[in-house]
Every structure is written in structure tokens, then in C-alpha cells.
Amino acid sequence: DTNPQTNGFDWRTKNAVSSVKNQGKCGSCYAFAAVTVLEALYAIKTKSQNVTEFSPQQIVDCSSEKYENDGCVGGNFPPSISYISDKGGKIATKDSYPYAEKKESCRTDGINEIDLGKVEYVEIPLGDEKKMAEVLTKYGPIFIGLDADSKLFMFYEKGVLNIDNCPTRPQDMDHALTIVGYGYDEALKTPYWLIKNSWGTKWGENGYLRLIKDAGNMCGVASMAYYAKLT
Numbered sequence: 007d008t009n010p011q012t013n014g015f016d017w018r019t020k021n022a023v024s025s026v027k028n029q030g031k032c033g034s035c036y037a038f039a040a041v042t043v044l045e046a047l048y049a050i051k052t053k054s055q056n057v058t059e060f061s062p063q064q065i066v067d068c069s070s071e072k073y074e075n076d077g078c079v080g081g082n083f084p085p086s087i088s089y090i091s092d093k094g095g096k097i098a099t100k101d102s103y104p105y106a107e108k109k110e111s112c113r114t115d116g117i118n119e120i121d122l123g124k125v126e127y128v129e130i131p132l133g134d135e136k137k138m139a140e141v142l143t144k145y146g147p148i149f150i151g152l153d154a155d156s157k158l159f160m161f162y163e164k165g166v167l168n169i170d171n172c173p174t175r176p177q178d179m180d181h182a183l184t185i186v187g188y189g190y191d192e193a194l195k196t197p198y199w200l201i202k203n204s205w206g207t208k209w210g211e212n213g214y215l216r217l218i219k220d221a222g223n224m225c226g227v228a229s230m231a232y233y234a235k236l237t
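All you need for the numbering used here is the position in the sequence shown, starting with 1, plus 6.
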């Protein structure tokens with residue numbers, strides 16, 4: 007039974023999602039979201055009981071110039087994955103390449119890298135939330151962009167977020183996050199996406215957002231969505 011009104015899905019319950027992080031003053035949301043996807047895929051692939059944490063800092067430092075990411079100014083999933091793929095599917099561990107909250111020069115010495123194997127990204131068709139639910143359960147967490155300009159988003163504390171007239175155009179997406187599950191709020195009679203943010207655990211529901219699902223692509227949840235595959 008795949009009826010979301012009776013069945014939810016949550017990668018956190020399958021030992022695939024690491025703790026919520028805080029990006030601080032650096033616009034590195036894309037690196038944290040990309041790392042969340044890769045951590046999960048590696049945990050799923052290795053059937054691990056513990057998530058090996060990867061380094062967003064490596065993506066911030068090393069995937070700019072050639073790959074069209076821009077350090078602490080912003081970035082996206084395709085350049086982040088292309089960078090990892092081009093170096094043979096390897097990514098540094100978080101502890102060996104810790105977060106600095108600013109862009110620094112790309113380090114290659116003294117870092118411990120995990121071999122993910124062949125990694126590729128796939129774009130989800132614009133606005134296709136049904137497809138998103140399918141690939142989420144089949145492959146793993148999904149990298150998304152959202153329009154995060156609303157005060158309702160910035161100061162979100164709890165519940166299922168539903169913002170009137172929230173922009174959905176891809177060019178309005180200004181914050182990257184990761185969908186790790188979906189569910190149905192019985193009290194509110196509302197389906198939702200379960201989304202991991204990188205603004206620390208004091209934001210939202212212990213660092214997570216529940217955003218209304220299947221409500222016409224709320225805030226562009228399906229306007230800039232990607233999943234990845236390890237082969």
C-alpha cells in the first residue's frame with residue numbers, strides 16, 4: 007500500500023541521514039544539501055548502521071571556478087556532483103576536512119576520502135511531485151531548491167508550512183535543502199514533505215521543515231529538484 011495517507015516514508019529511520027548542521031554566515035546550503043544526498047546513498051549502498059559524514063567544506067573550496075559553484079555565494083547540485091564525479095567519485099570525510107564557514111583554498115593533503123564509486127545526478131521534471139516521491143523511496147534523499155524569502159519560512163517553528171502565492175519559478179529558488187521523507191498529518195489532514203535544512207537544530211522542528219506536499223509545487227519544491235545514483 008503506497009497511499010501516503012496511511013504510509014509515510016522517512017530515510018532517518020533507516021540510518022541514512024546525519025545530524026542537522028548549521029551553515030552559518032556562508033551561503034553554502036547547496037554543499038550541505040549535496041552532502042546529505044551523498045551520505046545517504048553511501049549508507050544505503052554499504053548497508054551501514056552509522057552514517058559516514060562527508061565534507062561540505064570540500065565542495066565549497068574545490069568546486070567553484072571550473073564547476074560554476076561560487077563558494078559562500080551559492081551553488082547547485084549538478085556542479086557539486088560533477089566535481090565529485092570528475093575526481094573518481096571520492097569525497098572527503100567531515101572530520102578530515104572540517105567546516106570553516108568561509109571559502110578557503112582547496113586542500114588535497116591530509117584528507118581522508120571515501121570512494122563512492124560512480125556517481126551521477128538526474129534532474130526531476132519541473133513540478134513533478136509524484137515522481138519525487140517515487141525516486142525518494144527508490145534511490146534516496148532529493149536535493150531541492152526553495153524560495154526561502156518568506157518570513158513564514160525564515161521564522162518557521164513547527165507544523166506544515168503552506169505559503170500563499172509562494173514563487174515557483176526556478177529562477178526564484180534561492181535556498182537548497184534536502185527532502186528525506188514524506189508523510190500525512192492526521193490532525194491537519196495534510197500531506198507534507200519532510201525536509202532537512204542547514205540552519206541548525208533551533209530552526210523549525212529540530213532543524214527540519216514539513217512543507218505541504220502535492221499543493222501545486224509549493225515554493226518551488228519541485229522546480230529545481232535532483233536525485234543521484236551510485237553505481
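We treat Cβ as the ideally placed atom computed from N, Cα and C, and that holds for glycine.
Everything numeric in this text was worked out from a predicted model, so none of it was measured.
For residue i, list the residues DSSP reports as bridge partners.
i, result
"V166", "R216"
"P197", "Y190"
"G151", "A182"
"N28", "W205"
"F60", "T99"
"E71", "In the DSSP output, where bridge partners are listed per residue, E71 has none listed."
"E211", "Y214"
"Y233", "V128"
"G80", "D76"
"F38", "Paired residue(s): none; F38 is not in a bridge."
"F15", "Y188"
Just how far apart, CA to CA, sit residue i and residue j?
i, j, result
"L47", "G133", "24 Å"
"Y162", "W209", "7 Å"
"V186", "K27", "15 Å"
"F83", "Y190", "28 Å"
"F273", "N168", "For residue 273 there is no data in the structure shown, the boundaries of the chain being 7 and 237."
"I50", "T58", "11 Å"
"L236", "V125", "5 Å"
"I130", "P85", "16 Å"
"T143", "I150", "16 Å"
"E45", "T19", "14 Å"
"D153", "A98", "30 Å"
"W17", "T207", "18 Å"
"A221", "T114", "45 Å"
"F60", "Y145", "18 Å"
"P10", "E71", "With a pLDDT of 46 at P10, under the threshold of 50, the modelled position of this residue cannot be trusted; read the value that follows with caution. Cα-Cα distance, rounded: 42 Å."
"L183", "K100", "18 Å"
"D170", "D178", "15 Å"
"Y188", "S204", "18 Å"
"G80", "T52", "31 Å"
"G77", "V66", "5 Å"
"V23", "V43", "8 Å"
"W199", "D180", "18 Å"
"I87", "V141", "18 Å"
"L217", "K164", "10 Å"
"L215", "K93", "33 Å"
"K202", "A193", "22 Å"
"E74", "A234", "19 Å"
"G213", "V166", "14 Å"
"P197", "A139", "12 Å"
Got a sec? Which residues, its chain only, sit under 8 Å from residue i by beta carbon, not counting five neighbours each side?
i, result
"N21", "A49, S54, Q55, N56, V57"
"R175", "G226, S229"
Ignore the nearest five residues each way along the sequence and tell me which others in residue i's own chain have a CB closer than 6 Å to its CB.
i, result
"Y232", "F83, Y127, E129, F149"
"S102", "I117, N118"
"E135", "D220, A228"
"S91", "V125"
Ignore the nearest five residues each way along the sequence and tell me which others in residue i's own chain have a CB closer than 7 Å to its CB.
i, result
"P62", "S34, A37, F38, V41, Y105"
"C68", "Y89, C112"
"C172", "D153, S156, M224, C225"
"G123", "G95, L236, T237"
"K137", "I130, P131"
"Q64", "I97, A98, Y103"
"D4", "Look at the range of the chain in this structure, 7 to 237, and you will see that residue 4 is not part of it."
"E211", "K164"
### Query
Is the segment 30-47 close to the segment 100-108, with three or more CB pairs under 8 Å?
yes
### Task
Could I get the ranges of all uninterrupted beta strand (DSSP E) runs contained in the segment 93-148, with 3 residues as the minimum, in chain order?
96-98, 119-121, 125-129
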